Structures are given as C-alpha cells and as structure tokens.
C-alpha cells in the first residue's frame, strides 16, 4: 500500500463516520452498565464553530471515549442553544443587511420566526462540523434549547422558584446596552 503525499481528510472522515454510524458505536440505550453522560454545553447558533469550540469538543470526546472503553454506558448528547445576545445580534445584523428590517419593527413572534430560520441554517452547519471533527455523539439525541420539552421544563422550574420566593422583581441598577437595547 502506497501512502499519498497529500492527505485528503474528506475521504477519511466520510469513511470512518459512515462506519461508526453503521455499527451504531455511539448510540446509547439504558442497560445495567454504570452510566456516564456528557451534555455538550450547547454552542450558540452564531454561524460556525471556532477553535474554542473545537478544543471543548475534543476534550469532551476524549472523556466520553475513555468512559466507553472503561465499560460505562457512555452517552454524549449534542445540541445547540438559542438564547444568546450573540445569536440575537447575528439575526439583527442579517435582517438589517439582507432585508432592510429593524428588529424594533417586528413583533416577538416575527423576530422568533427569523431566529428559527437562522437556527435551521446554521445549526445544521454546526452539527456537520461536530460530525466532521469525529466527535462520538449520539445523533439520535440532538436537542435544541427551544424544543418544546426544554421550554416547558424551564417554565415549570421558573414558576416553582417564583412560588418559593427565590425569583422576584425589584428596582436594581443594571448594565444596559443602548445599541442592542438589552441588559448585559
């Protein structure tokens, strides 16, 4: 076998990703092994992953693979996050630049529609990048922080904390961004 002078990662990545998926190496189902779970701190849907994300994914991949090899029922849950000032800023920038629309002229529902369109476009890019990195995530468990079950859980917990008096309203000094019109 002769080695090529030029390595072409796409061929190798596709080959091994297909093999791993076919063999279902990274799927996790409850059984009698001790569980080991990593939930990817979901990247904000701001466009594409950067080197910080790559480092984070690599460290998590090392931990989950080590747990798998040590006999744990290892489950790595992938996902992405909707709630960030950075994502909102990207959507606002896109609306102004591409459509000539100001956020202030939109209702909450209209803005969320654009935000979800953004998520559909860039969430897929992020997941593709995670896959190309060779991360051993369980792709059957992809989550988004605005998925109905997550949204309902957050509301339920918020109400519970409010009823316990742990969340309350009050006049407080805050840091305010006059450009983005949001608290920091």
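In the working numbering, the protein residues as written are 55 to 238. Backbone N, C-alpha and C define an ideal beta-carbon position, used for all residues, glycine too. From a predicted model like this one, the values you see are computed outputs, not experimental measurements.
So which of 143, 150 and 92 has the shortest CA-CA distance to residue 127? In the chain shown, residue 127 corresponds to position 73, counting from 1. Of the listed residues, the one whose Cα sits closest to residue 127 is 92.
Check whether the stretch 104-113 touches the stretch 145-157, counting contact only when three or more Cβ pairs, one atom from each stretch, lie closer than 8 Å. no
How many angstroms separate the CA atom of residue 204 from the CA atom of residue 69? Here residue 204 refers to the residue found at position 150 of the chain shown. Here residue 69 refers to the residue found at position 15 of the chain shown. Approximately 34 Å, taken between the alpha carbons.
Is the beta carbon of residue 88 closer than 9 Å to that of residue 125? Translated into positions along the chain shown, residue 125 becomes position 71. Translated into positions along the chain shown, residue 88 becomes position 34. The answer is yes: Cβ separation under 9 Å.
Identify whether residue 127 lies in helix, strand or coil by the three-state DSSP scheme. The count along the chain shown starts at 1 and reaches residue 127 at position 73. Reduced to three states, the DSSP call for residue 127 is strand.
Do residue 176 and residue 106 come within 9 Å of each other at the CB atom, strictly closer than that value? Locating residue 106 in the chain shown gives position 52, counting from the first residue. Locating residue 176 in the chain shown gives position 122, counting from the first residue. It is not a contact, given that the beta carbons lie outside the stated cut-off.
Beta-carbon proximity of residue 180 to residue 99, cut-off 9 Å: Your numbering for residue 180 matches position 126 in the chain shown. Your numbering for residue 99 matches position 45 in the chain shown. Going by C-beta atoms, residue 180 is nearer than 9 Å to residue 99.
Pick helix, strand or coil for residue 64, following the three-state DSSP scheme. Against the chain shown, residue 64 aligns to sequence position 10. The answer is helix: DSSP assigns residue 64 an H, G or I state.
Can the beta-carbon of residue 122 be found less than 9 Å from the beta-carbon of residue 90? On the chain shown, residue 122 is found 68 positions in, with the first residue counted as 1. On the chain shown, residue 90 is found 36 positions in, with the first residue counted as 1. Cβ atoms of residue 122 and residue 90: closer than 9 Å.
Reduced DSSP secondary structure (H/G/I, E/B, other) of residue 98: The residue given as residue 98 occupies position 44 in the chain shown. Reduced to three states, the DSSP call for residue 98 is strand.
Quick one: Cα of residue 160 to Cα of residue 86, how far? The sequence position of residue 160 within the chain shown is 106, counting from 1. The sequence position of residue 86 within the chain shown is 32, counting from 1. In a straight line, the C-alpha of residue 160 is about 52 Å away from that of residue 86.
Tell me whether residue 201 is buried or exposed, calling it buried when 16 or more other Cβ atoms sit within 10 Å of its Cβ. Reading the chain shown from its first residue, position 147 is the one you call residue 201. Classification for residue 201: exposed.
What does DSSP give as the partner residues of residue 89 in its beta bridges? Your numbering for residue 89 matches position 35 in the chain shown. BP columns for residue 89 point to 127.
How many Å lie between residue 220 and residue 172 at the Cα? Taking the first residue of the chain shown as 1, we reach residue 220 at position 166. Taking the first residue of the chain shown as 1, we reach residue 172 at position 118. So the two alpha carbons sit approximately 34 Å from each other.
Buried or exposed, going by whether 16 or more other CB atoms sit within 10 Å of the CB of residue 130? As a first step, residue 130 must be located in the chain shown, where it is residue number 76. By the 10 Å Cβ count, residue 130 comes out buried.
Taking C-alpha atoms, which residue in 196, 209 and 190 lies nearest to residue 77? Looking up residue 77 in the chain shown gives position 23. Ranking the options by Cα distance to residue 77, first place goes to 190.
Please state if the CB of residue 82 and the CB of residue 192 are separated by a distance shorter than 9 Å. Position 138 of the chain shown, counting from 1, holds the residue named residue 192. Position 28 of the chain shown, counting from 1, holds the residue named residue 82. Yes, Cβ-Cβ distance for residue 192 and residue 82 is below 9 Å.
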